[in-house]
Structure formats: C-alpha cells, structure tokens
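Protein chains in written order, with the working numbering: chain Y, 25 to 473; chain L, 8 to 440.
Each remark here refers to the structure printed beneath this line.
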Ligand SMILES: Nc1ncnc2c1ncn2[C@@H]1O[C@H](COP(=O)(O)OP(=O)(O)OP(=O)(O)O)[C@@H](O)[C@H]1O
Ligand code: SF4
Ligand code: SF4
Ligand SMILES: [Mg+2]
C-alpha cells in the first residue's frame with residue numbers, strides 16, 4: 025500500500041468508510057457446559073466477556089481500547105481478528121464481513137491483519153531462531169523466493185532497530201524490549217494494513233517501553249499502518265492514540281477523540297479511571313482525587329441496567345426524590361448488600377448482641393439492632409426523611425425479611441440506572457450514560473424478584 | 008562497642024529532622040551465588056529511614072528493589088546472602104532485651120540486625136517489621152480460610168511478644184515449601200475465637216465489606232483488591248513499626264490501586280508506622296512518598312526528598328526515567344527513552360566503571376572509575392552516585408559514542424535521545440548504526 029490519496033481501495037471500499045467496522049460484537053464463554061453438568065441439568069452460565077460492542081477504525085489512525093483487567097479488551101481484539109469465533113455480531117474489514125471469509129479471501133485477511141501480543145517472553149517459540157520466527161509468516165503465505173525472504177527478514181530486523189546479523193540468534197538471547205521488537209518485525213512481515221497491539225509494552229520497563237512506543241509511531245508513518253492499541257495504561261493510550269474507546273464489563277461506555285476523552289470525559293467511569301491514575305509529579309500528593317469504591321462485578325452476573333451503577337458516584341436518583349448525591353450513593357450500596365444478602369446479621373454491632381447461645385441470629389431490641397446496622401453499613405450519614413425511610417425498611421431485617429427490606433427500598437430509591445440499559449448513541453463522542461441523552465432499553469432482568 | 012557512621016541528614020538537617028533515624032542502612036551488600044556466577048543484587052546501599060515517613064524505592068525490573076526489601080527483613084533464601092554492611096534499627100526496649108547476650112550488636116538504643124543471630128532477628132518479624140508482597144498468594148495459604156490465617160498471625164504475634172524465641176506461624180512468610188507442608192499435613196490448626204474476632208476486626212479495618220462472612224472464605228474467593236487488603240490485614244496483625252510494601256499495587260487495576268494507596272495512607276496516619284514502599288511506578292512514588300531512592304543495578308543512584316528527585320534530578324538515569332514516562336496531562340512530544348538495557352548484575356560483567364555509563368548520554372572519562380555518593384544541592388537528603396554532582400559535563404572529556412559499542416552489540420540506536428526533536432519520524436534506517 026502507498027500513502028497516496030485514493031478514493032477507492034482495491035476492494036472498492038470508499039475511503040470515507042472505515043477500514044474496520046465492528047457491529048454488535050459478542051463473545052460469550054460458557055461455564056457449567058461439560059457433559060456432567062448437562063446430565064445433572066445444570067444450566068450453562070454465560071460469561072459475557074464481550075457484550076455487544078461497536079466501533080469503527082479508520083485507515084491510518086490508532087484507536088485505543090482501554091479498560092481494567094477482565095473487561096474484555098483482549099477478547100475483543102482476538103475476536104475481531106477471527107482468532108476466536110464470535111457469539112454474535114459482525115466485523116467488516118475493508119468492506120467484507122470477516123466471519124464470512126473463506127479460501128483466498130480469508131488468506132488475504134490473515135495477511136492484512138496482524139497482532140502483537142503482550143508477553144514478549146512467551147509469544148516467541150524459544151526453539152526457533154529469530155530469523156525463522158520473522159520468516160515464518162512469509163513461508164506460510166509463500167511469499168517470494170528463499171533469497172527474497174532472507175533479505176526481507178534482515179531488512180525487517182533493521183527496521184525495528186535490531187541488527188541484520190541477529191537472524192541466527194534465539195529469543196532467550198534478547199531482552200524484553202528486543203523480543204517485543206522481534207514480535208513487531210514478525211507482524212510486519214506480510215506488509216499488513218492493520219495491526220492489533222495487545223498491551224505491547226506492559227511487560228516492559230518504562231525506559232524500554234518508550235523505545236518501543238517511538239518505534240511503533242515511526243513504523244505507522246512509514247508503512248501507513250492502522251492500529252488498534254489495547255492497553256490498561258492511560259498514559260500510553262493518551263500518548264499514542266487518535267481516538268479512544270473505554271470498556272467496562274464487556275461494553276464500550278465511551279468513545280471519542282483522544283483529546284476530548286482526556287480533557288472532558290463524559291462517562292462517570294472514564295472520569296473515575298482518569299482520576300485514579302497517580303501522576304508522576306510533585307503536585308500529586310496534594311491532588312484531591314475522587315476514587316470509586318467497590319470491585320468490578322463478575323461478568324457472569326453483570327448488574328442490570330448500567331453495569332457501572334454499583335460503583336457510580338453519579339447514579340441518578342428518581343426525579344421526584346430530593347436527596348444528596350452521597351446519601352443516595354450510600355443508600356444504593358446498602359440496597360445492593362441487602363439484595364445480595366451480603367450482611368452477616370448476627371455480627372452486627374460490637375459482636376454478640378444479636379446472637380443467642382448457639383450463635384443464631386436473635387434480636388431482642390430491634391431499634392438498637394437497626395441503629396447498629398445503619399452505623400455499620402451506611403458509608404455516608406443519612407438523616408431526616410431518608411433516615412426514617414431506611415430505618416423502616418431495615419427493620420424488616422430484624423426478622424430476617426430480606427425481600428421485604430429490599431422491596432421497600434427499591435420502591436423509594438429505584439434508579440433509572442438499574443432499570444434501563446443506556447445505549448451508545450451514534451455520534452463523534454458518545455457516552456453510554458443516562459446523564460446524557462441516550463437511547464435506552466428496559467432491562468428485562470430487572471424487577472423485584 | 009561499634010559505632011554507627013554519622014548520617015549527614017542529622018548533622019546538616021537543622022530542625023528538619025531532629026529525630027534520629029529509625030533505620031540506618033550502611034553499605035549493605037547482597038549477593039546471589041548462582042551457577043552463572045556471583046550476582047551483585049544489592050551494592051553498598053546506604054539509607055536512613057525516619058519514624059513515620061513513607062520512603063520509596065523506585066527502579067526498573069531487576070534493579071534490586073525486592074532483594075533490598077528481603078535483606079532488610081532478613082528474609083533471603085539460598086543462594087542469596089547479605090555479605091556486608093550494617094542495619095541499625097532504633098528501638099530502646101529491643102536494645103535492652105538483646106544487650107546482655109549480644110553486646111556487640113548494640114549501640115545506645117540502636118541494634119545492628121546484621122550482627123544478630125537469625126533466631127533473635129526473627130522475633131522482630133511481624134511485631135516490628137512486616138511485609139506485603141505484589142502477589143498476595145505468596146503470603147496467603149490457598150487451603151485455609153482467610154480469617155483463620157489472619158487469626159493465626161494474631162496468635163503468632165501474641166506468642167512472639169510473650170516469648171521472643173517462639174517460632175513463626177504456619178502462614179507467615181508463606182512460600183512453596185510451607186505450602187507443600189500444609190497440604191501434606193492437611194490438618195486444621197485450632198485458633199482461639201478471640202483471635203478470630205481480632206481477625207475480623209482487622210479485615211474491617213482494611214475495608215473488607217461483610218468481614219464476618221468474608222473471613223470464612225478461601226483466598227480464591229477474593230478479588231485481587233480484596234486479597235491485597237487481606238494481606239495488609241495480616242501484616243498489621245502484630246502492629247509493626249515498619250511496613251515494607253513490595254509493589255503492593257502493581258497487579259491491580261488503577262481504580263483499585265487508588266483504593267489501596269488511600270488505605271495505606273490512612274493506616275499510616277492512624278498508626279504512625281513507617282512504610283518502605285517499593286515500586287517501579289513513579290506516579291505511586293509521587294502520591295505516597297516523603298523521600299525516595301532511585302535504584303539502578305543494585306545501587307541507590309540518587310536519593311532525596313520527592314522534590315529533590317523529581318524536580319532537580321542530577322543523575323542521568325533519574326532524568327531518563329522521568330523522561331520516559333508518557334504524560335497523562337498532555338499529548339507531549341516524542342518520548343525520550345534511555346537507550347539500551349538494564350545490565351545483568353553478574354559480578355564478572357560489572358567492571359569498575361559507573362554501572363550506567365554504557366547507557367549514559369553524558370559518560371566521561373572519569374566515569375570509568377566507579378563514582379562514590381556525592382552530596383547535591385537541594386535538601387540535606389539529596390545525594391547521588393554521579394560525577395555530575397561535582398563537575399559539569401564536558402564534551403572534551405566525553406567518551407566516544409561507541410566506546411561501549413562492542414560490548415553492547417544489541418544496543419538499539421534508533422531511539423538514541425541525542426536528537427529527541429526529530430521531526431519526521433520517518434525512515435528508521437538513517438538512524439541505525
Ligand atoms: N533467588 C535468586 N537467585 C539468583 N538471583 C536472584 C534471585 N533473586 C533475585 N536475583 C537477582 O537479583 C537481582 C535483583 O532482583 P530483584 O528481584 O531485587 O529486582 P527488582 O528490582 O525487585 O525487580 P522487579 O521490578 O522485576 O521486581 C536480579 O539480577 C535478580 O536476577
Ligand atoms: S447510567 Fe447511571 S449509573 Fe451508569 S454511569 Fe450514568 S449515571 Fe452512573
Ligand atoms: S557517573 Fe558518569 S556515566 Fe555515570 S551517570 Fe554520571 S555522568 Fe553518566
Ligand atoms: Mg521486585
């Protein structure tokens with residue numbers, strides 16, 4: 025490919041169309057799916073690693089995919105390259121659905137789209153010389169003569185900053201940064217248009233990471249490459265990417281130009297991520313940052329509605345409810361714990377007050393019990409009307425009426441964020457959050473159980 | 008009676024640090040005797056750590072951070088050994104306890120831990136010094152409920168206080184050998200219910216929701232962040248004076264990292280304990296530390312207050328490290344990497360020069376002789392192992408660009424920071440040697 029302007033690509037894709045178009049991509053893994061599980065009648069449980077993501081990647085750009093571990097970044101990258109079969113959705117590369125490709129079409133795709141893996145230590149076969157590793161794709165695709173291939177490999181090694189005479193060495197003779205360069209040379213061998221870079225520098229030290237990032241930048245200019253850069257490191261993403269997609273629990277929650285994402289994030293999760301990164305400067309100690317509490321929920325059983333709602337500091341109270349945001353957040357966390365029955369009732373208070381001789385739950389003074397429980401669980405002081413409401417509901421727990429307590433609270437404090445899935449509208453910088461004007465769908469899993 | 012080398016921090020510090028340091032590490036040397044040869048993992052390391060401060064050790068992989076931590080704790084395993092240096096710990100009561108049996112190890116209220124027998128030194132573990140690791144599985148036993156393990160730590164610490172010669176608990180310093188032992192024995196040790204209650208309290212203290220329930224769960228039922236909290240709870244069981252945290256957040260996501268850092272800050276403020284924080288993340292150092300030491304090839308190459316090191320670094324390695332990190336606050340210019348790679352630390356490959364000379368853009372003739380530590384302007388704590396503290400760089404004395412070239416055949420030239428402002432980023436060929 026040359027960098028020349030052209031209006032139509034070889035396959036007839038107009039240039040204003042993206043090089044890669046991902047639509048509603050889904051990848052579920054199934055648990056409890058063994059023969060024994062089926063004989064026992066256990067229903068298979070889907071792990072929704074990637075749950076309906078859509079985005080475009082335009083020719084020559086770098087799209088960043090950022091998110092915390094387990095949010096589905098790598099699975100997205102591998103599934104869109106068809107290294108894994110999708111559960112649903114489509115990926116168009118150069119105008120053609122990748123999952124429909126066969127024969128020569130598929131072979132061409134395998135040449136055009138490459139991947140560089142995270143771990144430079146395990147992604148190279150230790151028994152092969154560097155020359156063979158880099159040459160392997162050329163052999164598989166039967167490119168050029170033997171001498172051509174050898175010359176090509178030497179050229180590639182020099183391009184990535186190694187020496188041509190390294191061809192006969194083995195991976196273990198190289199440092200981490202150098203091995204990552206070998207992986208990059210291998211990915212470049214077939215002159216691809218598009219490379220998925222899956223955490224290409226996260227196993228490297230910062231000084232070496234900087235070498236590799238500069239190299240990737242140079243190669244992009246030189247070979248007109250299009251990148252999908254997967255990383256959990258926001259500084260790397262900002263430094264390298266033109267646009268950024270932020271993932272949370274299998275979904276894209278925000279996507280937009282890099283500058284805008286970092287300067288004016290729109291999704292509360294993006295905000296929280298950016299806030300959390302400690303800056304390497306002496307001002308950092310006094311930076312007043314808002315952190316979010318709680319863990320990422322399991323993708324086996326993601327929260328209804330907005331998946332970030334269990335941690336979101338901005339979760340939306342009902343229209344007619346007058347309430348401080350912190351108080352609301354605290355009550356929502358209490359609700360969560362009641363709904364999951366994640367409160368050890370007999371251990372409320374200073375131990376022992378609500379336990380009989382056999383260690384069973386036993387309340388003689390319900391008012392004291394409720395006061396203790398509120399003190400233990402509520403993360404923010406709740407007073408007035410809301411205190412009355414909470415007290416009334418929590419009283420049901422004194423007689424272990426979990427569902428009753430949960431329902432009472434849901435009635436007053438139910439949020440749109442738990443009832444409706446916020447969609448990602450089509451625009452230059454959408455965020456899937458009810459604070460913005462988004463299409464939304466009722467979540468059919470929601471409902472007092 | 009031995010005497011402790013004077014610490015500059017005390018003589019010049021004025022009112023800055025009236026308190027004597029809690030720990031004085033002097034010329035500590037740790038070696039690994041491997042088949043490939045002797046590895047100089049820690050080299051003549053000198054440090055003062057003060058009461059209640061958070062001292063950071065930062066450096067890249069293999070620079071000797073973890074070995075330093077283990078050396079301070081006396082937790083080295085074969086083939087590693089501390090081969091030299093002193094480690095003075097200030098604790099009046101402890102000094103009184105050991106004075107009779109080991110007079111040579113005591114100087115005033117300081118005790119040189121390196122000259123104590125290991126069984127005496129072990130009694131400090133948990134109660135005076137405690138450690139948390141990057142990988143919680145290295146200190147938590149997968150086959151025992153979390154609460155029970157912390158209760159065991161509580162009991163072990165109580166025993167240790169009552170009888171300084173008691174043995175460590177089954178879960179303390181948990182490693183593969185202990186793991187094998189516990190699976191073979193498989194028995195469940197009985198822990199007292201009051202210890203269990205204390206364990207639940209500790210779990211609550213470190214922010215584990217529904218601690219009474221979670222105490223009954225096994226480590227694999229915990230998320231990464233929760234495990235890290237549990238390990239901190241375990242480390243706090245003996246109310247240690249010094250907490251050594253080796254990459255406590257490296258395996259965690261940023262939102263969870265922020266939670267754990269806040270927790271450590273909170274605990275430090277509440278208990279006044281001293282924290283030695285080891286990390287490769289300069290942002291974590293900036294967030295947490297009062298003072299910091301930068302490690303390279305087993306040495307502290309620069310140390311000082313956070314401002315000394317971050318705002319006025321003298322050592323070219325410190326400068327390079329700071330220049331390598333992409334900036335979150337702006338797209339910024341091209342990164343300025345340090346060329347080449349970290350050296351191997353094998354004694355026979357180290358040579359007598361400055362260990363950074365082969366990657367240093369300012370290497371000069373004098374650098375062929377190993378630099379001692381020099382004082383630097385700035386706070387009284389600022390010191391560096393680099394001639395640039397005393398001399399300005401001179402072209403005339405500069406070493407040839409490929410002086411070390413033949414020794415480093417794999418060194419990358421494409422990103423030499425000599426011309427960082429390259430505008431085109433085009434042909435890499437022109438940059439290759
Ligand atoms: N058990 C061992 N046997 C031999 N050499 C060892 C051993 N443990 C550490 N070393 C060597 O000691 C040196 C310092 O290692 P150390 O683990 O302290 O580095 P580190 O700075 O903690 O690195 P990282 O950031 O990767 O954790 C390295 O060269 C390492 O190979
Ligand atoms: S939809 Fe609601 S819970 Fe989700 S991010 Fe927006 S405000 Fe927060
Ligand atoms: S002593 Fe010399 S070679 Fe070493 S860091 Fe300083 S200037 Fe560079
Ligand atoms: Mg380490």
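Think of the CB as a built atom: it goes at the ideal place given N, C-alpha and C, for glycine as much as any other residue.
Min CB distance residue i to chain L below 8 Å
| i | result |
| --- | --- |
| residue 260 of chain Y | yes |
| residue 452 of chain Y | no |
| residue 301 of chain Y | yes |
| residue 274 of chain Y | no |
| residue 89 of chain Y | no |
| residue 229 of chain Y | yes |
| residue 354 of chain Y | no |
| residue 175 of chain Y | no |
| residue 422 of chain Y | no |
| residue 238 of chain Y | yes |
| residue 433 of chain Y | no |
| residue 201 of chain Y | yes |
Contact with chain Y by residue i, beta-carbon distance below 8 Å
| i | result |
| --- | --- |
| residue 238 of chain L | no |
| residue 217 of chain L | yes |
| residue 417 of chain L | For residue 417 of chain L, the predicted model reports a pLDDT of 39, less than 50, meaning its position is unreliable; a value from the coordinates is still stated below. So yes, residue 417 of chain L belongs to the interface. |
| residue 128 of chain L | no |
| residue 333 of chain L | yes |
| residue 73 of chain L | no |
| residue 391 of chain L | no |
| residue 302 of chain L | no |
| residue 363 of chain L | no |
| residue 317 of chain L | yes |
| residue 261 of chain L | yes |
| residue 357 of chain L | no |
| residue 379 of chain L | no |
Heavy atom of ligand 3 within 7 Å of residue i beta-carbon
| i | result |
| --- | --- |
| residue 324 of chain L | yes |
| residue 369 of chain L | yes |
| residue 381 of chain L | no |
| residue 378 of chain L | yes |
| residue 411 of chain L | no |
| residue 395 of chain L | yes |
Any non-hydrogen atom of ligand 5 closer than 7 Å to residue i Cβ
| i | result |
| --- | --- |
| residue 291 of chain Y | Among the ligands modelled here, namely ligand 1, ligand 2, ligand 3 and ligand 4, ligand 5 does not occur. |
Burial state of residue i, where buried means 16 or more other Cβ atoms lie within 10 Å
| i | result |
| --- | --- |
| residue 26 of chain L | exposed |
| residue 363 of chain L | buried |
| residue 100 of chain L | exposed |
| residue 64 of chain L | buried |
| residue 218 of chain L | buried |
| residue 60 of chain Y | exposed |
| residue 349 of chain Y | exposed |
| residue 345 of chain L | buried |
| residue 55 of chain L | buried |
| residue 130 of chain Y | exposed |
| residue 221 of chain L | buried |
Interface flag, residue i vs chain A, CB-CB below 8 Å
| i | result |
| --- | --- |
| residue 232 of chain Y | Chain labels in this structure do not include chain A; the protein chains are Y and L. |
Contact under 8 Å by Cβ, residue i with residue j
| i | j | result |
| --- | --- | --- |
| residue 234 of chain Y | residue 331 of chain L | yes |
| residue 58 of chain L | residue 281 of chain L | yes |
| residue 101 of chain Y | residue 208 of chain Y | no |
| residue 357 of chain L | residue 394 of chain L | no |
| residue 60 of chain L | residue 298 of chain L | yes |
| residue 122 of chain Y | residue 154 of chain Y | no |
| residue 72 of chain L | residue 306 of chain L | no |
| residue 49 of chain Y | residue 110 of chain Y | yes |
Any non-hydrogen atom of ligand 2 within 7 Å of residue i CB
| i | result |
| --- | --- |
| residue 336 of chain Y | yes |
| residue 196 of chain Y | no |
| residue 333 of chain Y | yes |
| residue 446 of chain Y | yes |
| residue 95 of chain Y | no |
| residue 458 of chain Y | yes |
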